[in-house]
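Trainee:
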Amino acid sequence: MQPYCFPYIGYFQLMHAADVFVFYDDVQYINRGWVNRNQISINETPAWLTLPVHKADRSLPINLRQYALEEAIVPIKRKLQVSYAKSSAFEEIYPFICGLLDFGDPNVAIFNANLLTATARKLGLKCKFMTSSEIEKPVDLHGEAKIVDICSRLGTSQYLNAIGGENLYNAANFEEHGIQLSFLETRIPPTTMASGATHLSIIHLLMTNGFKGTQRLLDEYEIIYPPDNRENRPDIPA
C-alpha cells in the first residue's frame, strides 16, 4: 500500500492481517490523493487535514517528494485541538499525534512510514514493515506486474489489498505465480455526520476510543476472494 497520511482503520486492519506490510513508496505521487491528507471531523462535518508538499515534477515518486511543514505544523495541531479537545481520549492521543507531526525528516515517504509504523506499534500490530524501494526489482515494471514481482521476490503465497483495489487486479495473473489475491473489507461502520456517513482518519477513532478501544476494533474485517463483485458496497477511502 502507498504510505498514506493517517489513513482510516481499514489500512491498519491490513497490517493486522499481514505478516509483511510493504509501503509502496516508489510509485508516482498523486496530487489530491491520500498520501498527504485525510479527513477528520469538525463539528460533525468531514474536514480535510492536509500536510503541504513542495511543488516538484509530477513524475517524481512518493519517496522523492518533500513536505513543506515549517509553517504548517502549528495550524495543523491547532485544528486537531479545536476538533477533538472534548473527545474522551484527547489527553492520551493528542500528544502522540503531535509527536508524529514533529518528526524531523520531511521526506514524504519516510515521514508517513514513521507515523504509520508508530501508530501500528501503539495498536499492538506485529507485522514486519518494508518499503518497495528497498526491494531489488526491474525498473520497467508498472502497475499489477510490479506488484506481482514484489510479491514473488518476497516469496508470498497471498497478496492482500484493501477492498478499494478490487477492480484493479486480475486474480489469474497472480495465480500464475502461485499467489492468491484477496481483499480486506472493514466491518467498522463509517462515521455518521450531518453530511452523511464516511470513513474518517484513524485520528478520529483514536480520539474517540483511545489506543485500547481502537485495538479492539482491528479484528472487525472480512477477507474477500475474487471473483466477488457484490454491488452497492459503500465507497471506502484510503
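Heads up: the sequence shown begins at 308 in our numbering, then just goes up one per residue. All C-beta atoms, glycine included, are put in the ideal place defined by N, C-alpha and C. Since the model is a prediction, treat every value here as computed from it, not as a measurement.
How far does the beta strand (DSSP E) with MET500 in it reach, from first residue to last?
Mentor: Position 193 of the sequence shown, counted from the start, is the residue given in the question as residue 500. Its beta strand (DSSP E) spans residues 498-500.
Trainee: Beta-carbon separation of ILE383 and LEU423 under 9 Å?
Mentor: As a working note, residue 383 is residue 76 in the sequence shown. As a working note, residue 423 is residue 116 in the sequence shown. In this structure, LEU423 does not lie closer than 9 Å to ILE383 by Cβ.
Trainee: Could you tell me which of PHE403, SER348, ASP364, ALA478 sits nearest to VAL389, measuring between CA atoms?
Mentor: Within the sequence shown, residue 389 is the residue found at index 82, counting from 1. When only C-alpha atoms are compared, the closest one is SER348.
Trainee: With 9 Å set as the bound, which would you pick, yes or no: does the beta-carbon of THR521 sit closer than that to a beta-carbon of chain C?
Mentor: No chain C appears in this structure, which consists of one protein chain only.
Trainee: Kindly indicate which three-state DSSP category PHE397 falls into: helix, strand or coil?
Mentor: As a first step, residue 397 is located in the sequence shown; it is residue number 90 there, counting from the start. The answer is helix: DSSP assigns PHE397 an H, G or I state.
Trainee: PRO353 bridges to which residues according to DSSP?
Mentor: Along the sequence shown, one-based indexing puts residue 353 at 46. DSSP output for PRO353 lists SER348 as bridge partner(s).
Trainee: May I ask you to verify whether the region 500-515 touches the region 351-369, counting CB pairs closer than 8 Å and requiring at least 3?
Mentor: At 8 Å Cβ cutoff, the stretches touch.
Trainee: Throw me the rounded Cβ distance for the PRO368 and ASP333 pair, which I believe falls under 8 Å.
Mentor: Walking along the sequence shown from the start, residue 368 turns up at place 61. Walking along the sequence shown from the start, residue 333 turns up at place 26. Indeed, because the Cβ distance is near 5 Å, the residues count as touching under 8 Å.
Trainee: Assign ILE486 to one of two classes, buried (16 or more other C-beta atoms within 10 Å of its C-beta) or exposed (fewer than that).
Mentor: The residue given as residue 486 occupies position 179 in the sequence shown. Per the 10 Å Cβ criterion, buried.
Trainee: Could you tell me whether the Cβ atoms of LEU467 and ILE530 are closer together than 9 Å?
Mentor: As a working note, residue 467 is residue 160 in the sequence shown. As a working note, residue 530 is residue 223 in the sequence shown. Contact: yes.
Trainee: Would SER366 and THR515 be called neighbours here (beta carbons separated by less than 9 Å)?
Mentor: If you number the sequence shown from 1, residue 366 lands on position 59. If you number the sequence shown from 1, residue 515 lands on position 208. The answer is no: Cβ separation not under 9 Å.
Trainee: Using only CA atoms, which one of PHE397, LEU491, LEU430, TYR391 lies nearest to MET255?
Mentor: Since the first residue of the chain shown is 308 and the last is 545, residue 255 is not available in this structure.
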